[in-house]
Amino acid sequence: MTLPILLFFVFAGIAVGGALSLIFAREPIHSALALILVMVALAVLYLLMGAGFISAVQIIVYAGAIMVLFVFVIMLLNAGVENRTQHSIMARWLGIPLAVFLIGDLAYWMARGAHALPLAERSGSLAAGPVSTQDLSLHLFQSYLFPFEITSILILIAVLGAVVLARREP
Amino acid sequence: MNGIPLSYFLVLSAILFGLGVLGFIFKRNIITIFMCIELMLNAVNLAFIAFSRALGQFDGLVFVFFVIVVAAAEAAVGLAIVLLISRNRRSLNIENVDEMKS
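Chains as they are written, first to last, in my numbering: chain A, 1 to 170; chain B, 171 to 272.
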């Protein structure tokens with residue numbers, strides 16, 4: 001087993017463990033910390049794939065900005081322990097098999113999808129060499145310039161919407 | 171690169187997405203449900219990057235940028251709505267928010 005595959009399994013394990021503890025934690029703040037763990041583990045996996053710039057964006061924007069917003073709101077609202085509903089009998093006996101089936105089915109079809117690629121990539125390994133940030137930015141600002149500009153309008157609308165929604169009524 | 175098969179990343183992405191769906195269904199706290207949505211977006215980003223690297227194209231990487239931007243906008247608006255709900259209901263339990271249930 002080579003070092004990259006070992007690293008993949010270590011950080012994939014951390015990501016799945018973080019996702020599980022996100023679901024099973026009862027305090028929202030514990031869920032938020034688990035989600036930050038998942039995002040950092042995914043950033044390492046992006047680095048393993050050679051996408052260094054996206055890895056940095058993942059850390060700065062996701063684990064930094066968005067999760068700080070979540071933690072801020074959790075602290076602001078003083079969110080306590082979550083109430084559990086009374087589990088119905090059907091949920092207990094049918095829920096876990098259906099959950100396992102959902103994840104297994106998704107994983108099966110995604111693995112099948114890897115084999116549906118063109119013949120040259122059928123061997124399955126990812127392309128060699130890291131992505132150069134220069135190529136990425138040329139692509140973003142030439143081929144995708146119009147969507148990029150639309151995105152700025154989307155952000156503007158989101159900021160206005162958040163301000164209007166959270167404003168206290170006079 | 172480095173000889174990690176593409177399907178490993180895709181299966182990891184599927185597992186994370188499935189866990190996000192399960193959390194979305196099972197959790198009762200509005201903020202945690204939002205976090206499960208973020209988990210699903212992250213899983214999709216992983217699949218985007220893996221496919222993009224396998225095909226040697228940049229479109230998947232550019233899409234990841236847009237997904238991150240939309241996630242940021244969605245988190246801002248969504249958390250404002252959560253703030254409003256908790257101010258009106260004094261509770262974050264999703265079962266107290268049921269006006270649209272006829």
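Each residue gets a CB set at the ideal place from its N, CA and C atoms; glycine is no exception.
Values in this document were obtained by computation on a predicted structure and should not be read as measured data.
(message) Does the segment 209-223 of chain B come into contact with the segment 174-186 of chain B, if we say contact requires no fewer than three beta-carbon pairs (one atom in each stretch) closer than 8 angstroms?
(response) yes
(request) For ASN263 (chain B), name the three-state secondary structure that DSSP assigns. (result) Along the second sequence, read from residue 1 onward, the residue named residue 263 (chain B) stands at position 93. Residue state, collapsed to three classes: strand.
(request) In the DSSP assignment, find the unbroken alpha helix (DSSP H) run with ASP135 (chain A) in it and report its ends. (result) For the purposes of this step, residue 135 (chain A) is identified with residue 135 of the first sequence, where counting begins at 1. First-last of the alpha helix (DSSP H) with ASP135 (chain A): 133-142.
(request) Give the range of the alpha helix (DSSP H) segment to which ARG112 (chain A) is assigned. (result) Within the first sequence, residue 112 (chain A) is the residue found at index 112, counting from 1. Run containing ARG112 (chain A): 89-115, per the alpha helix (DSSP H) assignment.
(request) Could you name the residues that DSSP lists as bridge partners for ASN199 (chain B)? (result) Along the second sequence, one-based indexing puts residue 199 (chain B) at 29. B:ASN263, per the DSSP bridge assignment.
(request) Starting from the beta carbon of GLU269 (chain B), find every residue of chain A whose beta carbon is closer than 9 angstroms, and list them in chain order. (result) The count along the second sequence starts at 1 and reaches residue 269 (chain B) at position 99. Those within 9 angstroms of GLU269 (chain B) in chain A number zero; the least Cβ separation is about 17 angstroms.
(message) Rounding to the nearest angstrom, what Cα-Cα distance links LEU211 (chain B) and VAL164 (chain A) in this structure?
(response) Locating residue 211 (chain B) in the second sequence gives position 41, counting from the first residue. Locating residue 164 (chain A) in the first sequence gives position 164, counting from the first residue. Using only the alpha carbons, I get a separation of about 26 angstroms.
(request) Using a Cβ cut-off of 8 angstroms (strictly closer), state whether LEU119 (chain A) contacts chain B. (result) Within the first sequence, numbered from 1, the residue matching residue 119 (chain A) stands at position 119. Model confidence at LEU119 (chain A) stands at a pLDDT of 49, short of 50, so the residue's coordinates are unreliable; what they give is reported in the following sentence. No, its Cβ sits nowhere closer than 8 angstroms to a Cβ of chain B.
(request) Taking a Cβ distance cut-off of 7 angstroms, strictly less, list which residues of the segment 16-35 of chain A are near chain B, in chain order. (result) VAL16, ALA19, LEU20, LEU22, ILE23, PRO28, SER31, ALA32 and LEU35
(message) I believe GLU265 (chain B) touches ARG198 (chain B) by the beta-carbon criterion, under 8 angstroms. Please report the beta-carbon distance rounded to the nearest angstrom.
(response) Looking up residue 265 (chain B) in the second sequence gives position 95. Looking up residue 198 (chain B) in the second sequence gives position 28. Between ARG198 (chain B) and GLU265 (chain B) the Cβ distance is about 7 angstroms, and since that is below 8 angstroms, they are a contact.
(request) With DSSP as the reference, label LEU119 (chain A) as helix, strand or coil. (result) Position 119 of the first sequence, counting from 1, holds the residue named residue 119 (chain A). Model confidence at LEU119 (chain A) stands at a pLDDT of 49, short of 50, so the residue's coordinates are unreliable; what they give is reported in the following sentence. LEU119 (chain A) falls in the helix class under three-state DSSP.
(message) Here's a check: name, in chain order, each residue in its chain whose Cβ is nearer than 6 angstroms to the Cβ of LEU119 (chain A), leaving out the five neighbours to either side.
(response) Numbered from 1 along the first sequence, position 119 holds the residue referred to as residue 119 (chain A). Any reading at LEU119 (chain A) is ruled out, since the residue's pLDDT is 49, under 50, leaving its predicted position unreliable.
(message) Going by DSSP, what residue range makes up the alpha helix (DSSP H) through ALA162 (chain A)?
(response) Here residue 162 (chain A) refers to the residue found at position 162 of the first sequence. Run containing ALA162 (chain A): 145-166, per the alpha helix (DSSP H) assignment.
(message) If you reduce the DSSP assignment to three classes, tell me which class ARG26 (chain A) lands in.
(response) As a position in the first sequence, residue 26 (chain A) is number 26, starting the count at 1. Of the three classes helix, strand and coil, the one that applies to ARG26 (chain A) here is coil, per DSSP.
(request) Check distances from the C-beta atoms of the segment 219-239 of chain B to those of chain A and list, in chain order, the residues that come in under 7 angstroms. (result) ILE219, ALA220, ARG223, ALA224, LEU225, GLY226, PHE228, LEU231, VAL232, VAL234, PHE235, PHE236, ILE238 and VAL239
(request) Specify the secondary structure class of ASN78 (chain A) as computed by DSSP and reduced to three states. (result) Sequence index remark: in the first sequence, residue 78 (chain A) carries index 78 (1-based). In this structure, ASN78 (chain A) counts as coil in the three-state DSSP scheme.
(request) Return yes when the C-beta of ILE238 (chain B) is under 7 angstroms from any heavy atom of the ligand NAD, and no when it is not. (result) Among the ligands in the structure shown, none appear at all, so the ligand NAD cannot be discussed.
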